[in-house]
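> Before I ask anything, here is the structure I am working with.
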Amino acid sequence: MFEHVETIQTTLEAITSTEGRLAVSAGVIALALVTGFVVAPIAVRRTVGYVGRRLRESEAGSILETIDEVTDVPFPMRAVIRTLQAVVLGTTGLLLLFVWDRPDLADRALDLLATVFPVFGRLVLTIGLLAGAIVGTRYLEQRLDEWLADATYVTAHQEGVVFRVLQVTIFLAAGLAALSLWPIDLGGLLVGAGFLGIVVGMAARQTLGSLIAGFVLMFARPFEIGDWVEIGDKEGTVVDITIINTRLRSFDGEIIVLPNDHVSSSTVVNRSKRNRLRLRLEVGVDYETDLERAEEIALEAIEGVDDVAPAPKPQIVPTAFGDSAITLECRFWIRQPNAHKKWTTLREAVHELKAAYDREDIAIPYPQRELSARPEGGFRLPDAAGPAQGSATVAGAGDELTYSESDRE
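So for the sequence shown, our numbering puts the first residue at 1; every next one is plus one.
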C-alpha cells in the first residue's frame, strides 16, 4: 500500500508487552499533539507569509492584488491548519492500531484511504476549477472595465456582449475540464445529453427561447443600456441586458423584467437611438386672429425654451379648422432625450406660448355653443293638468332666451 508501511508495522508489532505499548502510545499521542496543535499552525502561518511576500515582490504581485480585490476572500489559513491536524490525528490512529496488534483494522483503514484519496483529489480539483472560473470571470470583468473605460469606439452594450461571450467560454472550458477528471464515458454522456436535451427543450422551450433571443438581441443591438425605449406596452430606461431577460426602469421607479423572447416578438420603439427626439404641441387661435402673426409669435416662444434644439429649426404648422379655433401644431426637437426632459420641455413650451399670446392679446378660444329660439311665439310645453297646474314657455327674440312658469294656485 503506502511505502514503508510494512517496516513500521513490523517494528511496532515487535513491542509485545503492555507496558511497552502504553509507553509507545503515550509518546505517539504526545508527538501528535505537539505536531498538530503547535508545530503545524506556526509552520502554516510562516509559510503563507513567506510565500505571500515573495509573490508580491515578483511580477505576479499585481495579479495577486487584483485577485484579492475581486474575490474579497482571505486565504483559508484556518482550513489548512485543520486539514493538517486531521492528517496528523489520522496517522496517529493508524500507528496506535499497529502498536496494539490490530493490523487488520489498520489494513482496512488504509484500503479505505487508498480508495477515497483519488476521489477526494478529483473533487478538490473540480471545486478548484469551478472556483477558478468564477474568479476568472470577475477578474475579466474588472479588466474589461479598465481597458474600455476611455475607449470611444466600444459602447457599454458591446462591452456587455464581449463579457457574456467570454464568460460562457470560460465556464464551458472549466466544465469540460472538470468532466475529464472523472471516469465518465463522454460518448454515452453525449447520447444521454441528446435525449435529455429533447425533453428539457420541450419542457423549457420558453426559457431556451429567451436564451437564444438574448444572444440575438446582444448582436442585433436594437437598444443599449441607458436607452429610453418602449417595448410593447412597457416603457422605460434600459438598465440591464442579460442572456435571459431585459430589465427596464419605469418613470415611476419600478423595475420591469421582460423575457427576451417577448422583447424579440414585440415592437421596439427606441427614442434614444438617434440622440434626438421631435415633440409636438398643439395650440388653438381665434378665427379672427392674423394667422401669420400667431405663427411668428409661437415660433419665437418655442425658440426661447432652453432645451429646444436650434437645429433642426422648430416649425409652426396650421393643421385643422377646429370647432372654435384654428389648430397650430408646434414641432420642435430636443437633444439627448429622456422622459424627464420631454415633459419639462413641453411644460416650459406651454408656459412660453401662453405668456406670449397674452402679451399680444391673441385669444386661445375654448369650445362654445350658441343657442337661439324662434322669433314668433316660441314653443310651448303642454301640461296635462291644464293651465291651472302650471305651464312652461320658451320664447325669445333674436338671440335672447327667456323662461317663465306660473305658480300653482
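Positions of the beta carbon are idealized from the N, C-alpha and C atoms, including for glycine. Values in this document were obtained by computation on a predicted structure and should not be read as measured data.
I256 and D240: beta carbons closer than 8 Å?
In the sequence shown, residue 256 corresponds to position 256, counting from 1. In the sequence shown, residue 240 corresponds to position 240, counting from 1. Going by C-beta atoms, I256 is not nearer than 8 Å to D240.
> Three or more C-beta pairs under 8 Å: does that hold for the region 329 to 341 against the region 307 to 318?
Counting Cβ pairs under 8 Å, three or more are found: they touch.
> Can at least three beta-carbon pairs, one atom from the region 37 to 46 and one from the region 109 to 124, be found at a separation below 8 Å?
Touching, no.
> Are there 16 or more other CB atoms within 10 angstroms of the CB of G214, so buried, or fewer, so exposed?
As a first step, residue 214 is located in the sequence shown; it is residue number 214 there, counting from the start. G214 comes out buried.
> What are the start and end residues of the alpha helix (DSSP H) that includes D307?
Residue mapping note: residue 307 aligns to position 307 of the sequence shown, counting from 1. Here D307 belongs to no alpha helix (DSSP H), and DSSP marks it neither H nor E.
> Can you say whether G236 is buried or exposed, counting buried as having 16 or more other CB atoms within 10 angstroms of its CB?
Working through the sequence shown from its first residue, we reach residue 236 at position 236. Classification for G236: buried.
> Would you mind reading off the limits of the alpha helix (DSSP H) that contains A79?
The residue you call residue 79 lines up with position 79 of the sequence shown. That run of the alpha helix (DSSP H) goes M77 to V99.
> Thinking C-beta only, is Q336 closer than 8 Å to N275?
Taking the sequence shown and counting its residues from 1, the one referred to as residue 275 is at position 275. Taking the sequence shown and counting its residues from 1, the one referred to as residue 336 is at position 336. Yes.
> Please name the residue, chosen from T35, E288, A301 and T345, that lies closest to P365 on a Cα-to-Cα basis.
The residue labelled residue 365 in the question sits at position 365 within the sequence shown. The option with the nearest alpha carbon to P365 is E288.
> Beta strand (DSSP E) containing V283: first to last residue?
Reading the sequence shown from its first residue, position 283 is the one you call residue 283. R276 to V285 is the span of the beta strand (DSSP E), which, as asked, contains V283.
> If we ignore side chains and look at the alpha-carbon of each, how far apart do L166 and G128 end up?
As a working note, residue 166 is residue 166 in the sequence shown. As a working note, residue 128 is residue 128 in the sequence shown. Their backbone Cα atoms lie some 19 Å apart in a straight line.
> Can you list, in chain order, the residues of its chain whose CB lies under 7 Å from that of R249, leaving out five sequence neighbours each side?
Translated into the one-based positions of the sequence shown, residue 249 becomes position 249. Once the five neighbours on either side are set aside, the close Cβ partners of R249 are G236, T237, V239 and I255.
> Identify every run of the beta strand (DSSP E) within the region 205 to 266, keeping only runs that are complete inside it and at least 3 residues long; order them along the chain.
For the region 205 to 266, whole beta strand (DSSP E) runs of length 3 or above, ordered along the chain, are 228 to 231, 234 to 241, 245 to 249 and 255 to 259.
> Using DSSP's beta-bridge definition, name the partner residues of A315.
Taking the sequence shown and counting its residues from 1, one reaches residue 315 at position 315. Reading off the sequence, residue 315 comes out as Gln, not Ala. DSSP output for Q315 lists R331 as bridge partner(s).
> Give the range of the beta strand (DSSP E) segment to which V268 is assigned.
Position 268 of the sequence shown holds residue 268. Taken as a continuous stretch (DSSP letters only), the beta strand (DSSP E) holding V268 covers V268 to N270.
> When burial is assigned at 16 or more other CB atoms within 10 Å of the CB, is D419 buried or exposed?
It is not possible to answer for residue 419, since the shown part of the chain is limited to 1 through 409.
> Starting from the Cα of L144, find the closest Cα among I134, R108 and G160 and give me that residue.
Locating residue 144 in the sequence shown gives position 144, where the first residue counts as 1. It is G160 whose Cα lies nearest to the Cα of L144.
> Identify the residues that DSSP records as bridge partners of I326: which are they?
As a working mapping, residue 326 is identified with position 326 in the sequence shown. Answer is V285 and F321.
> Quick check on E360: does DSSP put it in helix, strand or coil?
Against the sequence shown, residue 360 aligns to sequence position 360. E360: coil per DSSP, three-state reduction.
> Select from W100, D261 and A363 the residue whose C-alpha is nearest the C-alpha of D286.
In the sequence shown, counting from the first residue as 1, residue 286 sits at position 286. Answer by Cα proximity: A363.
> From A135 to S180, what distance separates their C-alpha atoms?
The residue labelled residue 135 in the question sits at position 135 within the sequence shown. The residue labelled residue 180 in the question sits at position 180 within the sequence shown. According to the sequence displayed, residue 135 carries Val and not Ala. Cα to Cα, the separation comes out at about 21 Å.
> Run the CB neighbour count on I198, radius 10 Å, all protein chains shown included, and call it buried at 16 or more, exposed below.
Reading the sequence shown from its first residue, position 198 is the one you call residue 198. Under this definition I198 is an exposed residue.
> Please say whether S266 and I244 have beta carbons closer to each other than 8 Å?
Along the sequence shown, one-based indexing puts residue 244 at 244. Along the sequence shown, one-based indexing puts residue 266 at 266. No.
> Assign W182 to one of three DSSP states: helix, strand, or coil.
For this step, residue 182 is matched to residue 182 along the sequence shown. DSSP places W182 in coil when its eight states are reduced to three.
> Do you know how far the Cα of P367 is from the Cα of A388?
Counted from its first residue, the sequence shown places residue 388 at position 388. Counted from its first residue, the sequence shown places residue 367 at position 367. Its pLDDT being 45, under 50, A388 is placed unreliably in this model, and the value from its coordinates should be taken loosely. Taking the straight line from one Cα to the other gives about 41 Å.
> In terms of alpha-carbon separation, which member of F219, L97 and R78 lies closest to V48?
In the sequence shown, the residue the question calls residue 48 occupies position 48. Closest option to V48, Cα to Cα, is R78.
> Do V44 and L89 count as a contact pair if the criterion is CB distance below 8 Å?
Taking the first residue of the sequence shown as position 1, residue 89 is located at position 89. Taking the first residue of the sequence shown as position 1, residue 44 is located at position 44. It is not a contact, given that the beta carbons lie outside the stated cut-off.
> Leaving aside the five residues before and after K234 along the sequence, list all residues of the same chain whose C-beta is less than 8 Å from its C-beta, in chain order.
On the sequence shown, position 234 is the one that residue 234 refers to. Closer than 8 Å at Cβ, skipping near neighbours: L248, S250, I256 and L258.
> Assuming A178 and T126 are in contact, meaning their beta carbons sit under 8 Å apart, how far apart are those beta carbons, in whole angstroms?
Start at 1 with the first residue of the sequence shown, and residue 178 comes out as number 178. Start at 1 with the first residue of the sequence shown, and residue 126 comes out as number 126. With a Cβ gap of about 5 Å, A178 and T126 count as contacting.
> Which one of F163, I231, E282 and V191 has the shortest CA to CA distance from H262?
By one-based count along the sequence shown, residue 262 stands at place 262. Cα-wise, what sits closest to H262 is I231.
> Can you grab the Cα-Cα spacing for the pair T327 / E296, in whole Å?
Counted from its first residue, the sequence shown places residue 327 at position 327. Counted from its first residue, the sequence shown places residue 296 at position 296. Roughly 14 Å between the two C-alpha positions.
> Mind checking P183: buried by the 16 CB within 10 Å criterion, or exposed?
Taking the sequence shown and counting its residues from 1, one reaches residue 183 at position 183. Answer is exposed; the Cβ neighbour count stays below 16.
> Output yes or no for whether 8 Å exceeds the beta carbon distance between F171 and E141.
The residue labelled residue 171 in the question sits at position 171 within the sequence shown. The residue labelled residue 141 in the question sits at position 141 within the sequence shown. No.
> Can you list, in chain order, the residues of its chain with a C-beta nearer than 8 Å to that of T344? Leave out the 5 residues immediately preceding and following it.
Counted from its first residue, the sequence shown places residue 344 at position 344. D307.
> Secondary structure at A43, three-state DSSP: helix, strand or coil?
Position 43 of the sequence shown holds residue 43. Correct three-state label for A43: helix.
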